[in-house]
Amino acid sequence: CIANRNGCQPDGSQGNCCSGYCHKEPGWVAGYCR
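3 is the number of the first residue of the sequence shown in this note's numbering; add one for each residue after it.
Next up, the structure:
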């Protein structure tokens, strides 16, 4: 899984966050796990 503060996509296309939550705001190309 993806560690906190590492890059992610909410749709899971880059893998799943260890925390289960990918934070991505409007306009961002990618989000980050937290």
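Ideal Cβ placement from N, Cα and C applies to all residues, glycine included.
**Report entry** Residue range of the beta strand (DSSP E) that includes Gly-33
**Finding:** Sequence index remark: in the sequence shown, residue 33 carries index 31 (1-based). Gly-33 -> beta strand (DSSP E) spans 33 to 35.
Query raised in the report: When the distance is taken between beta carbons, is Cys-35 closer than 8 Å to Ser-15?
Result: The residue labelled residue 15 in the question sits at position 13 within the sequence shown. The residue labelled residue 35 in the question sits at position 33 within the sequence shown. No, the Cβ-Cβ distance between Ser-15 and Cys-35 is not below 8 Å.
Query raised in the report: So what does DSSP say about Gly-29, is it helix, strand or coil?
Result: Residue mapping note: residue 29 aligns to position 27 of the sequence shown, counting from 1. Gly-29 falls in the coil class under three-state DSSP.
Query raised in the report: Going by other Cβ atoms of all chains shown within 10 Å of its Cβ, with 16 needed for buried, is Cys-3 buried or exposed?
Result: On the sequence shown, residue 3 is found 1 positions in, with the first residue counted as 1. Classification of Cys-3: exposed, given that the 10 Å Cβ count is below 16.
Requested in this report: Note down, in chain order, each residue of its chain lying with its Cβ closer than 8 Å to the Cβ of Gly-17, except the 5 sequence neighbours on either side.
Outcome: Here the question's residue 17 lines up with position 15 in the sequence shown. Around Gly-17: Cys-3, Ile-4 and Cys-10.
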